[in-house]
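Engineer: All residue numbers for the sequence shown refer to full-length UniProt numbering, where the first residue is 1 and numbers rise by one.
Virtual Cβ for every residue (Gly too), placed ideally from N, Cα, C.
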Amino acid sequence: MVKDLNTKSDASISSISASDPLCGLSSEWEQLFHGAPVGLAIIDQQLRYLHVNKVLADNNEKSVEEHIGRPVLEINFEIASQIIPFLLQTIKTGQAVLNVEFDNSIRGRVGEKQQWLMNCCPIRNEKGEVTRISVATMDVSEVKQAQETMEKKLEFEMLISELSSTFINLPASQISGVIKKGLELIAEFLSVERSSLLEYSEDRKMLTLTHSCQAPGLPKTPVKYISKDFPWFSRAIIEGKIISLPRISDGLPAEAKLEEKYLNKMGIKSHLSFPLNLGGDFLGALSFDSVKVERQWPDALVNRLKLFGEIFAHALARKRSELELRDAFSKIKQLKDQLEVDYTYVREEIKLEHNFEEIVGKSDELKYVLGKVEHVAPTDATVLILGETGTGKELFARALHNASQRKDRPMVKVNCATLPSNLIESELFGHEKGAFTGAHAKKVGRFEIANEGTLFLDEIGELPLELQPKLLRALQNGEFERLGGSRTIKTNIRVIAATNRDLEDEVKNGRFRMDLLYRINIFPITVPSLRDRKTDIPLLVDWFINKCSKKLGKSIKVIPSNTMRVLKKHSWPGNVRELENVVERAIIYTKGSELLLTEKLGFGVSPDCIEKTSKKTLLEIERDHILKILEETYWRIEGKKGAAVILGLNPSTLRSRMRKLKISKPEPGATAHSFHGFNQNHYM
Numbered sequence: 001m002v003k004d005l006n007t008k009s010d011a012s013i014s015s016i017s018a019s020d021p022l023c024g025l026s027s028e029w030e031q032l033f034h035g036a037p038v039g040l041a042i043i044d045q046q047l048r049y050l051h052v053n054k055v056l057a058d059n060n061e062k063s064v065e066e067h068i069g070r071p072v073l074e075i076n077f078e079i080a081s082q083i084i085p086f087l088l089q090t091i092k093t094g095q096a097v098l099n100v101e102f103d104n105s106i107r108g109r110v111g112e113k114q115q116w117l118m119n120c121c122p123i124r125n126e127k128g129e130v131t132r133i134s135v136a137t138m139d140v141s142e143v144k145q146a147q148e149t150m151e152k153k154l155e156f157e158m159l160i161s162e163l164s165s166t167f168i169n170l171p172a173s174q175i176s177g178v179i180k181k182g183l184e185l186i187a188e189f190l191s192v193e194r195s196s197l198l199e200y201s202e203d204r205k206m207l208t209l210t211h212s213c214q215a216p217g218l219p220k221t222p223v224k225y226i227s228k229d230f231p232w233f234s235r236a237i238i239e240g241k242i243i244s245l246p247r248i249s250d251g252l253p254a255e256a257k258l259e260e261k262y263l264n265k266m267g268i269k270s271h272l273s274f275p276l277n278l279g280g281d282f283l284g285a286l287s288f289d290s291v292k293v294e295r296q297w298p299d300a301l302v303n304r305l306k307l308f309g310e311i312f313a314h315a316l317a318r319k320r321s322e323l324e325l326r327d328a329f330s331k332i333k334q335l336k337d338q339l340e341v342d343y344t345y346v347r348e349e350i351k352l353e354h355n356f357e358e359i360v361g362k363s364d365e366l367k368y369v370l371g372k373v374e375h376v377a378p379t380d381a382t383v384l385i386l387g388e389t390g391t392g393k394e395l396f397a398r399a400l401h402n403a404s405q406r407k408d409r410p411m412v413k414v415n416c417a418t419l420p421s422n423l424i425e426s427e428l429f430g431h432e433k434g435a436f437t438g439a440h441a442k443k444v445g446r447f448e449i450a451n452e453g454t455l456f457l458d459e460i461g462e463l464p465l466e467l468q469p470k471l472l473r474a475l476q477n478g479e480f481e482r483l484g485g486s487r488t489i490k491t492n493i494r495v496i497a498a499t500n501r502d503l504e505d506e507v508k509n510g511r512f513r514m515d516l517l518y519r520i521n522i523f524p525i526t527v528p529s530l531r532d533r534k535t536d537i538p539l540l541v542d543w544f545i546n547k548c549s550k551k552l553g554k555s556i557k558v559i560p561s562n563t564m565r566v567l568k569k570h571s572w573p574g575n576v577r578e579l580e581n582v583v584e585r586a587i588i589y590t591k592g593s594e595l596l597l598t599e600k601l602g603f604g605v606s607p608d609c610i611e612k613t614s615k616k617t618l619l620e621i622e623r624d625h626i627l628k629i630l631e632e633t634y635w636r637i638e639g640k641k642g643a644a645v646i647l648g649l650n651p652s653t654l655r656s657r658m659r660k661l662k663i664s665k666p667e668p669g670a671t672a673h674s675f676h677g678f679n680q681n682h683y684m
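(1) Just mark Gln147 as buried or exposed, buried being the case when its beta carbon has 16 or more other beta carbons within 10 Å.
(2) Taking the straight line between their C-alpha atoms, what separation do you get for Ile133 and Ile123?
(3) Contact defined as beta carbons within less than 8 Å: I believe Thr208 pairs with Lys224. What is the distance between those atoms, to the nearest angstrom?
(4) Taking residue 691 as the reference, which of Gln82, Gln214, Gly94, Lys372 has the closest Cα?
(5) Pick out whichever of Lys490, Leu465, Ser330 has its Cα sitting closest to the Cα of Asp515.
(6) Taking Pro538 as the reference, give the member of Phe329, Ile332, Thr563 with the closest Cα.
(7) Using three-state DSSP, classify Ala498 as helix, strand or coil.
(8) Compare the C-alpha of His302 against each of Ile186, Thr389, Phe329 and name the closest.
(9) So with Cβ pairs under 8 Å, would you call Ile248 a contact of chain B?
(10) Between which two residues does the alpha helix (DSSP H) harbouring Met514 extend?
(11) Helix or strand or just coil, what does DSSP make of Asn451?
(12) In terms of alpha-carbon separation, which member of Thr418, Gly387, Ala377, Ala417 lies closest to Arg398?
(13) For Tyr589, I'd like the list of residues in its chain whose CB is within less than 7 Å of its CB, leaving aside the five on either flank, ordered along the chain.
(14) Checking the sheet assignment: what are the DSSP bridge partners for Arg473?
(15) Taking only three categories from DSSP, how would you classify Trp232?
(16) Can you name the residues that DSSP bridges to Asn415?
(17) May I ask you to report which of helix, strand or coil DSSP gives Thr131?
(18) Among Phe288, Gly182, Thr137, which residue has its Cα nearest to the Cα of Met158?
(19) Leaving out five residues before and five after Ile79 in sequence, what residues of the same chain have Cβ atoms less than 8 Å from its Cβ?
(20) If you draw a straight line from the C-alpha of Val167 to the C-alpha of Ile424, how long is it?
(21) With distances taken from CA atoms, which of Ala315, Ser529, His431, Leu457 is nearest Glu578?
(22) Go through its chain and collect everything with a Cβ distance to Leu98's Cβ below 7 Å, but skip five positions before and after it.
(23) Quick one: using the 10 Å Cβ neighbour count with 16 as the cut-off for buried, is Arg446 buried or exposed?
(24) Helix, strand or coil for Thr382? Go by DSSP, reduced to three states.
(25) Please go through the same chain and pick out, in chain order, the residues whose beta-carbon is closer than 6 Å to the beta-carbon of Gly251, but skip the five residues on each side of it.
(26) Between which two residues does the beta strand (DSSP E) containing Leu40 stretch?
(27) Going by CA-CA distance only, name the one from His440, Phe456, Lys508, Pro524 that's closest to Gly484.
(28) When we look at the beta-carbon of Met150 and count the other beta-carbons within 10 Å, is it buried (16 or more) or exposed?
(29) Quick check on Asp337: buried or exposed, where buried means 16 or more other Cβ atoms within 10 Å of its Cβ?
(30) Report the residue from Arg531, Glu580, Val566 whose alpha carbon sits nearest the alpha carbon of residue 686.
(31) Starting from Asn581, trace the alpha helix (DSSP H) in both directions and tell me its first and last residue.
(32) Could you tell me which of Gly392, Glu506, Ala417, Ala450 sits nearest to Arg409, measuring between CA atoms?
(33) Report yes if the C-beta of Leu517 is less than 7 Å from at least one heavy atom of the ligand NAD; otherwise report no.
(34) I'd like to confirm the pairing. Which residues does DSSP put opposite Asn119 in its beta bridges?
(35) Thinking C-beta only, is Ala41 closer than 8 Å to His51?
(36) In the DSSP assignment, the alpha helix (DSSP H) including residue 686 goes from what residue to what residue?
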């Protein structure tokens, strides 16, 4: 039909004349027609302009005369192709068609459209037939623009409200995910293909791309460290500048070659970045890229986008605060746990009765040992303390610790002889919950408790052979795993070990690892036996009297010379510990102010015996001594007159040593000779 109208148009123009009574207009109507602020036209059934006013003619960019008699399709094809269906509908149905929207391009303004609204009404003859159409058009571009602006503003406000409410009370762990979603919503709102968030490190050294979203089909941003790869951009943003690039080639300075190369490589046509600040602190930046078209970044838009920036800035600040708070809580918990462990350990240590409060004596032998302690204490060198039972090895270990740089941390003691072999690994290294039957909770081992402090491995010669490799690794590398765990734990400890065994002999007999011996035998210190420092006995006796008298409610003022002579003559196989026990028992029996030594010390080792037993191992000497004390006490272990008190050991410790040394109470009926001449009737 359109083709038909075009074919007939030229021939039909001449047939339209003023003789047609409907074609003529009264002067009043014509004045109104041409003075109307909207475009008006009368079109015949062949869709030819019969009459147009100047407004409509100007909108079509043609004169009034050029319209008359010509088809609408010929005057403006772009508009005609949109309105012809509605004109034909009016002719066919005889019904008005109202509020038809159409648009046309604006000359010289690429991409911009003019918006129109059209009403079509039928004009009937006397018979009621539709012979013509009256058309009214109105330019509604400004109204549409205002409407779209209002809708955009409403959409923007809704988006601001949505993001703001989403971030309220949001856990720090979820903030990153919501930021990513927020960037997607902003990109959709702006009709851009990429939006990104950059964060400034807390040490104020690096601007980093942390969040980004892009339209499907676009590559991800290959750059992460902005400060490193784009120095000009980084400086400008940190200085608070807004980087607005409607056209990439027009807005970049000469020093931004790296940035320009990257933007062109990524096919970016327009770019916008602005800083995120909170309370005067620079936190990062928001960036937007338009890939499909060049676009403007008006100040009004940038100011609105800064509202998003404020939301993200508050979210980032809260995330940092929560992470800092969480880190602080974690450190507090670690300190609390450490304090609880330290408190528990110290409380357990307080329960133990140490034989000494300080080292007593002034013999050359003692001074020599203390000199070695003074030399090695300030270092972190591993120390091996050697000496017979009862010489005070633990006391020297404490002296080492108290003179070291680790004195503010505890010295944690592990007695390798008293712990059951099946529990010693757990005691040293700890265990996880469920590591073995009965492990109902996680336990921190002594290695962890001693972190930054000193670990004292007493009686290390008693350590089971199968556990020695793990101990060696912990000593060499400072790392281990809890029993039942896989996480490697690192510690920083100073190790002091002690033993009364000949470890070289233990190595030869396959009971001790040579590599472990080399590891702990870095700085050996041998504590002299009491028989080798007898000049210290008077000082020690005086010390023990002062200590024990207060505890026992006695007041000893005099030590008879004969008593002191007996004490100095005795060989003291039990060393200082035995001396303390003898003095304490004497105080118990003393009723006045003069120390009364009621027991005979003849059961001690004679000089001949000392020389004879000097070739024995320390283990053999210890076994003989324990046997002798047990026989002297008629095998009574506990009680004030029991062997444990005389030997200065806990009853459970003594029983453990008896099992290890294979000492057992004789069966009834055994000969007295079998047990050093004691009558069986005396056994208890």
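Structural biologist: On the basis of the supplied data:
(1) The residue labelled residue 147 in the question sits at position 147 within the sequence shown. Flag for Gln147 reads exposed.
(2) Counted from its first residue, the sequence shown places residue 133 at position 133. Counted from its first residue, the sequence shown places residue 123 at position 123. Going by the C-alpha atoms only, they are around 5 Å apart.
(3) Your numbering for residue 208 matches position 208 in the sequence shown. Your numbering for residue 224 matches position 224 in the sequence shown. Yes, Thr208 and Lys224 are in contact; Cβ-Cβ is about 6 Å, under 8 Å.
(4) The chain is shown from 1 up to 684; residue 691 falls before or after that span and cannot be answered.
(5) Position 515 of the sequence shown, counting from 1, holds the residue named residue 515. The residue with the shortest Cα to Cα distance from Asp515 is Leu465.
(6) Indexing the sequence shown from 1 puts residue 538 at position 538. Comparing Cα positions, the closest option is Thr563.
(7) Here residue 498 is taken as the residue at index 498 of the sequence shown, counted from 1. Strand, per DSSP.
(8) On the sequence shown, residue 302 is found 302 positions in, with the first residue counted as 1. Looking at the sequence provided, one finds Val at residue 302 rather than His. Of Ile186, Thr389, Phe329, the residue nearest in Cα terms is Ile186.
(9) Judged by its chain identifiers, the structure shown contains no chain B, having just a single protein chain.
(10) Residue 514 sits at position 514 when you count from the first residue of the sequence shown. Met514 -> alpha helix (DSSP H) spans 514-520.
(11) Stepping through the sequence shown from its first residue, residue 451 is reached at position 451. In this structure, Asn451 counts as coil in the three-state DSSP scheme.
(12) Here residue 398 refers to the residue found at position 398 of the sequence shown. Comparing Cα positions, the closest option is Ala377.
(13) Position 589 of the sequence shown, counted from the start, is the residue given in the question as residue 589. Here the set comprises Leu596, Thr598.
(14) By one-based count along the sequence shown, residue 473 stands at place 473. According to DSSP, which records beta bridges pairwise, Arg473 is partnered with nothing at all.
(15) Position 232 of the sequence shown holds residue 232. If DSSP states are grouped into helix, strand and coil, Trp232 belongs with the helices.
(16) Stepping through the sequence shown from its first residue, residue 415 is reached at position 415. BP columns for Asn415 point to Asp458.
(17) Reading the sequence shown from its first residue, position 131 is the one you call residue 131. Looking at Thr131 - three-state DSSP - the assignment turns out to be strand.
(18) In the sequence shown, the residue the question calls residue 158 occupies position 158. Ranking Phe288, Gly182, Thr137 by Cα distance to Met158 puts Gly182 first.
(19) Counting from 1 along the sequence shown, the entry for residue 79 is found at position 79. Cβ within range, chain order: Asn60, Val72, Phe102, Asn104, Trp116.
(20) Here residue 167 is taken as the residue at index 167 of the sequence shown, counted from 1. Here residue 424 is taken as the residue at index 424 of the sequence shown, counted from 1. According to the sequence shown, residue 167 is Phe rather than Val. Each residue's Cα considered, the two are about 52 Å apart.
(21) Taking the sequence shown and counting its residues from 1, one reaches residue 578 at position 578. When only C-alpha atoms are compared, the closest one is Ser529.
(22) For the purposes of this step, residue 98 is taken as residue 98 along the sequence shown, with counting starting at 1. Only Asn119 meet the Cβ criterion.
(23) Working through the sequence shown from its first residue, we reach residue 446 at position 446. Looking at its Cβ environment, which holds 16 or more other Cβ atoms inside 10 Å, Arg446 is buried.
(24) Working through the sequence shown from its first residue, we reach residue 382 at position 382. Thr382 falls in the coil class under three-state DSSP.
(25) Taking the first residue of the sequence shown as 1, we reach residue 251 at position 251. Once the five neighbours on either side are set aside, the close Cβ partners of Gly251 are Leu245.
(26) As a position in the sequence shown, residue 40 is number 40, starting the count at 1. Start and end: 39-44.
(27) As a working mapping, residue 484 is identified with position 484 in the sequence shown. The option with the nearest alpha carbon to Gly484 is His440.
(28) Numbered from 1 along the sequence shown, position 150 holds the residue referred to as residue 150. With fewer than 16 Cβ atoms within 10 Å of its Cβ, Met150 is classed as exposed.
(29) Position 337 of the sequence shown, counted from the start, is the residue given in the question as residue 337. Exposed, since its Cβ has fewer than 16 Cβ neighbours within 10 Å.
(30) Residue 686 lies beyond the stretch modelled for the chain, which goes from 1 to 684, so this question has no answer here.
(31) Here residue 581 corresponds to residue number 581 of the sequence shown, with the count starting at 1. Looking at the DSSP string, the run of the alpha helix (DSSP H) that includes Asn581 is 575-589.
(32) The residue labelled residue 409 in the question sits at position 409 within the sequence shown. Among Gly392, Glu506, Ala417, Ala450, the Cα nearest to that of Arg409 is on Ala450.
(33) This structure does not include the ligand NAD; it has no bound ligands of any sort.
(34) Mapped onto the sequence shown, residue 119 falls at position 119. Ala136.
(35) On the sequence shown, residue 51 is found 51 positions in, with the first residue counted as 1. On the sequence shown, residue 41 is found 41 positions in, with the first residue counted as 1. Yes, they are a contact pair.
(36) Look at the range of the chain in this structure, 1 to 684, and you will see that residue 686 is not part of it.
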